[in-house]
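K.L.:
Numbering (full-length UniProt numbering), first residue to last: 1 to 214.
Cβ atoms here follow ideal geometry from the backbone N, Cα and C, with glycine treated the same way.
The structure under discussion is supplied below as structure tokens; questions concerning it will follow.
The structure is reproduced here in structure tokens:
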């Protein structure tokens with residue numbers, strides 16, 4: 001049996017899926033995940049609503065794959081198509097915050113899906129569990145490389161710092177979405193990342209040392 005039609009269909013299918021994902025970035029980036037619709041995306045790519053569903057099954061699945069596509073697209077121009085290691089990773093994270101400040105709708109979709117993913121059985125749960133696990137490992141490795149470079153050794157502090165950087169970046173995104181005129185996402189993210197990195201490299205006095213009895 002000839003497989004010629006099948007082999008031709010696969011590249012075409014991937015091309016159409018990529019078109020839909022890029023359109024989703026545009027539509028959801030401008031309108032957010034609630035106001036942006038599958039019909040908007042279908043119009044953008046010259047397809048029917050049913051055609052979009054044929055490729056992705058549901059809006060939620062499209063949103064998840066869009067986030068994965070965004071992550072791949074963000075590192076497409078980097079060496080080995082992966083975020084940098086070592087001290088350069090922290091600068092990359094600051095750059096990520098700056099890029100995110102230019103695409104509020106995508107950040108909104110991420111915030112909504114990540115919050116919903118904590119419920120049992122949610123379709124996005126495994127996606128975010130894996131994402132955080134991989135990112136913690138990447139940030140942890142960057143800290144260890146930086147500490148080795150600067151002759152600093154504090155494994156317990158590094159473990160806490162890796163999770164803290166991710167937490168503060170996501171938390172600042174939420175504050176920024178709610179009050180974009182008050183919270184500067186790029187600047188506050190840079191401040192927080194610097195504070196955490198310096199807390200590992202040059203730990204200061206314990207917080208309680210600043211509390212004095214009246």
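Between residue 92 and residue 105, what straight-line distance do the alpha-carbon atoms span, to the nearest angstrom?
P.N.:
Position 92 of the chain shown holds residue 92. Position 105 of the chain shown holds residue 105. Their Cα atoms are separated by approximately 21 Å.
K.L.:
Suppose you measure from the CA of residue 75 to the CA of residue 54; what does that come to, to the nearest Å?
P.N.:
Walking along the chain shown from the start, residue 75 turns up at place 75. Walking along the chain shown from the start, residue 54 turns up at place 54. Note on geometry: alpha-carbon atoms of residue 75 and residue 54 lie some 28 Å from one another.
K.L.:
Go to residue 124, then tell me how far its alpha helix (DSSP H) extends in each direction, as first and last residue.
P.N.:
By 1-based counting over the chain shown, the position of residue 124 is 124. Looking at the DSSP string, residue 124 is not in any alpha helix (DSSP H), and its letter there is neither H nor E.
K.L.:
Can you check which of these residues, 23, 12 and 96, is closest to residue 42 by C-alpha distance?
P.N.:
For this step, residue 42 is matched to residue 42 along the chain shown. Of the residues 23, 12 and 96, the one whose Cα lies closest to the Cα of residue 42 is 23.
K.L.:
Is it the case that the CB of residue 46 approaches a heavy atom of the ligand MN more closely than 6 Å?
P.N.:
Of the ligands one can find in the structure shown there are none, so the ligand MN has no counterpart to examine.
K.L.:
Would you check if the stretch 135-146 and the stretch 109-119 touch, i.e. whether three or more CB-CB distances between them fall below 8 Å?
P.N.:
no
K.L.:
When burial is assigned at 16 or more other CB atoms within 10 Å of the CB, is residue 100 buried or exposed?
P.N.:
As a working note, residue 100 is residue 100 in the chain shown. It is buried - the Cβ of residue 100 has at least 16 other Cβ atoms within 10 Å.
K.L.:
Tell me whether the beta-carbon of residue 97 lies closer than 7 Å to the beta-carbon of residue 185.
P.N.:
Residue numbering aside, residue 97 sits at position 97 when the chain shown is read from its first letter. Residue numbering aside, residue 185 sits at position 185 when the chain shown is read from its first letter. Yes, these two residues count as a Cβ contact at 7 Å.
K.L.:
Output the distance between the C-alpha atoms of residue 213 and residue 115, rounded to the nearest integer angstrom.
P.N.:
In the chain shown, residue 213 corresponds to position 213, counting from 1. In the chain shown, residue 115 corresponds to position 115, counting from 1. Straight through space, the alpha carbons of residue 115 and residue 213 are spaced by roughly 40 Å.
K.L.:
Reducing DSSP to helix, strand and coil, say where residue 164 ends up.
P.N.:
Position 164 of the chain shown, counting from 1, holds the residue named residue 164. Judged by DSSP in its simplified three-state form, residue 164 adopts helix.
K.L.:
Could you tell me the distance, in whole angstroms, from the CA atom of residue 63 to the CA atom of residue 35?
P.N.:
In the chain shown, counting from the first residue as 1, residue 63 sits at position 63. In the chain shown, counting from the first residue as 1, residue 35 sits at position 35. If I take the Cα positions, the gap works out to 13 Å.
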